[in-house]
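A.B. asks:
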Amino acid sequence: SDQGYSDWQNLHKTLTSHEKSSAHVKNCTFWRELSVRLRLNKTIDEEHERLIHAETEHWHQVLKRLLCIVQFLGTQGLAFRGKKDVLFERNNGNFLKLVEHIAKFDVFMAEHVRRIKSKETHVHYLSK
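For reference, each letter of the sequence shown is one residue, going 100 to 227 in our numbering.
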């Protein structure tokens, strides 16, 4: 290597100066904070992992309920659709009406319907 440190007689001064530099102090602080967060499992990755798991669980529970509605309507030989394809509208069919009723008592469906109404989600498996 052509680059490197060669002033070995003044190494102590150079290291002392570097240790007092604002860049070194700032990076040491970041390193200590990261060390604590890693020890306590409070990293950004851990938070993202928790959010991904919660969202996966939400969709798993919603799809389980939608599948139950589909099975019920199918085994009873009932029509799914009505004249409208929108939640909370009159004549919106057995499927959507069951979703509305289940959402009154079930936290997962209530949250799903809330997300649809507030336009937080556009993929909701409840219309064409």
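From the three backbone atoms N, C-alpha and C, an ideal C-beta is built for every residue, glycine too.
Please read these numbers as outputs of a predicted model, since none were measured by experiment.
If the criterion is Cβ atoms closer than 7 Å, does the pair N193 and L172 meet it?
C.D. replies: It is a contact, given that the beta carbons lie within the stated cut-off.
A.B. asks: Just the Cα atoms here: how many angstroms apart are D184 and S217?
C.D. replies: Rounded to the nearest angstrom, the two C-alpha atoms are 17 Å apart.
A.B. asks: Would you mind reading off the limits of the alpha helix (DSSP H) that contains R213?
C.D. replies: Taken as a continuous stretch (DSSP letters only), the alpha helix (DSSP H) holding R213 covers V206 to K216.
A.B. asks: Relative to the C-alpha of V161, which candidate in R214, L133, F129 and N140 has its C-alpha closest?
C.D. replies: Among R214, L133, F129 and N140, the Cα nearest to that of V161 is on R214.
A.B. asks: Among the candidates M208, Q102 and G103, whose CA atom is the shortest distance from the CA of W158?
C.D. replies: Measuring from the Cα of W158, the nearest candidate turns out to be M208.
A.B. asks: What's the C-alpha gap between L139 and H147?
C.D. replies: In a straight line, the C-alpha of L139 is about 15 Å away from that of H147.
A.B. asks: So, is A202 buried or exposed, given that buried needs 16 or more other C-beta atoms within 10 angstroms?
C.D. replies: The residue in question, A202, is buried, as its Cβ has 16 or more Cβ neighbours within 10 Å.
A.B. asks: Could you give the DSSP three-state label for Y144: helix, strand or coil?
C.D. replies: Residue identity differs from the one stated: residue 144 is Asp in this sequence, not Tyr. D144: helix per DSSP, three-state reduction.
A.B. asks: Evaluate V135 with the Cβ neighbour count: other Cβ atoms within 10 Å of its Cβ, from every protein chain shown; 16 or more gives buried, anything less gives exposed.
C.D. replies: V135 should be labelled exposed.
A.B. asks: Taking only the alpha-carbon atoms, compute the straight-line gap between V198 and F187 and give it to the nearest angstrom.
C.D. replies: About 10 Å.
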